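Heads up, the final residue of the sequence shown is numbered 632 in my numbering, and it's a clean run with no missing numbers. Glycine residues also receive a C-beta, built at the ideal position from the N, C-alpha and C atoms. As the structure is a computational prediction, the values presented were derived from the model and not from experiment. The next block holds one structure in the form of structure tokens; read it before the comments.
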Amino acid sequence: MQERMTAKEYRQLTKKTKYGSKKVKLDGYVFDSKIEARYYEQLKWLQENNRILFFRLQPRYLLQEAFEKNGKKYRKIEYIADFEIHHLDGSIEVVDVKGMETEAFKIKKKLFEHKYPHKLSLVTYSKKWGGWIELEELEKKRKAAKKIAQAGI
């Protein structure tokens, strides 16, 4: 029996995101990009091979409660990560798969780091640098490679 896609699901998949990535449907989940779907597949493999305990998709973290001031209501501020990984040693790592760090993410990262003890990782995929890599580490490697290239070594 063939599974049919609703019109809404089709629009979600064909709609381009703000940064030009295309949504991907995999195992009944819709991911914001191909790279995020690939990371999901990596996590499934890690879980199947007992390298991690388990992982969650789209975990929500409250950064600031909703409040009212001078008669005006302010909404709560939440951070919705891509993944939450529970490692074998009991530690929890919160992961966002991104190609670049946005200004909004920088602010939410700071609020998250203040409130939660978990490690927050921003990862991307780079063939040149061996696969999955934290964005901060990738930027360091690119800067070092650029210095070497400019020096003519």
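Quick one: does residue i have its CB under 9 Å from some CB of chain D?
{"i": "residue 610", "result": "Judged by its chain identifiers, the structure shown contains no chain D, having just a single protein chain."}
State the CB to CB distance for the pair residue i and residue j, rounded to an integer number of angstroms; the pair is presumed to be in contact (CB under 8 Å).
{"i": "residue 522", "j": "residue 564", "result": "7 Å"}
{"i": "residue 559", "j": "residue 543", "result": "Their Cβ separation, rounded to whole angstroms, is 14 Å, which puts residue 559 and residue 543 out of contact at 8 Å."}
{"i": "residue 519", "j": "residue 505", "result": "6 Å"}
{"i": "residue 614", "j": "residue 572", "result": "Actually they do not touch by this definition, with Cβ atoms about 14 Å apart."}
{"i": "residue 509", "j": "residue 502", "result": "6 Å"}
{"i": "residue 604", "j": "residue 483", "result": "Incorrect: roughly 32 Å between the Cβ atoms, too far for contact."}
{"i": "residue 620", "j": "residue 608", "result": "6 Å"}
For residue i and residue j, I'd like the C-alpha separation in whole angstroms.
{"i": "residue 512", "j": "residue 534", "result": "18 Å"}
{"i": "residue 553", "j": "residue 576", "result": "29 Å"}
{"i": "residue 547", "j": "residue 515", "result": "36 Å"}
{"i": "residue 561", "j": "residue 618", "result": "21 Å"}
{"i": "residue 616", "j": "residue 539", "result": "26 Å"}
Measure from the alpha carbon of residue i to the alpha carbon of each residue in the options, then state which is nearest.
{"i": "residue 592", "options": "532, 552, 546 and 574", "result": "574"}
{"i": "residue 566", "options": "525, 486, 537 and 587", "result": "525"}
{"i": "residue 541", "options": "547, 588, 568 and 578", "result": "588"}
{"i": "residue 578", "options": "530, 570 and 612", "result": "612"}
{"i": "residue 485", "options": "500, 507 and 501", "result": "507"}
{"i": "residue 568", "options": "610, 529 and 616", "result": "529"}
Name the one or two DSSP bridge partners that residue i has.
{"i": "residue 603", "result": "612"}
{"i": "residue 562", "result": "536 and 574"}
{"i": "residue 555", "result": "Beta-bridge pairing links residue 555 to no other residue."}
{"i": "residue 547", "result": "552"}
{"i": "residue 505", "result": "508"}
Hey, is the region 625-632 in contact with the region 592-600, meaning 3+ C-beta pairs nearer than 8 Å? Contact fails between the region 625-632 and the region 592-600, because fewer than three Cβ pairs, one in each stretch, are under 8 Å apart.
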